[in-house]
Amino acid sequence: MLYLPLITLCFFTGAECNFITDYEKHFGSKTPYRAVENNNLSTIEFEGKFFQCLRVAPPTYCLGCQPTKIWYIIRHGARTPTNRVLLSMKHNLPRIAQMIIRANS
Numbered sequence: 034m035l036y037l038p039l040i041t042l043c044f045f046t047g048a049e050c051n052f053i054t055d056y057e058k059h060f061g062s063k064t065p066y067r068a069v070e071n072n073n074l075s076t077i078e079f080e081g082k083f084f085q086c087l088r089v090a091p092p093t094y095c096l097g098c099q100p101t102k103i104w105y106i107i108r109h110g111a112r113t114p115t116n117r118v119l120l121s122m123k124h125n126l127p128r129i130a131q132m133i134i135r136a137n138s
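This is the structure in C-alpha cells:
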C-alpha cells in the first residue's frame, strides 16, 4: 500500500511536464539556459534595416551598428539578491564605473 502514493506521484509529475507550452519555458527567474538559448545566427533586421553580423572572436560585430555604452552588474546564480544587496550595488556602481574608466585610460 505504501507504493501506491509513490506511483501516483510519479505518474502526475511526469504527466505535468507534457503540458508545458513554448511560452511557459520563459516564465520564472530560474529558467534553464537550454530553454531560452538563441541559436539563430541569421542576418538581424531592426526597424527595417538589415545588419550583417560578422563573427570575429570574441565579440560579434554588425555592419551598420555603432556600439553604445552599457553598465551592467552581473550576479550569476539562482538566488535573488535582497533589497540591501541591490541598494549596495546601486550605491557602488558609480565608484566601480570610475575605477573601470581610470583603468582603461
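Residue numbers (this note's numbering): 34 to 138. Glycine included, C-beta positions come from ideal geometry on N, C-alpha and C. Everything numeric in this text was worked out from a predicted model, so none of it was measured.
Shown here for L119: not one same chain residue has a beta carbon closer than 8 Å to its own, the five before and five after excluded.
Inter-residue distance for L126 and Y105 is about 9 Å (C-alpha atoms, whole angstroms). Counting only the Cα atoms, N137 lies some 10 Å from Q131. L74 carries a coil assignment under DSSP once its states are collapsed to helix, strand and coil. The straight-line gap separating the alpha-carbon atoms of N73 and R128 is approximately 37 Å.
Taking the CA atoms as reference points, T115 sits about 39 Å from S75.
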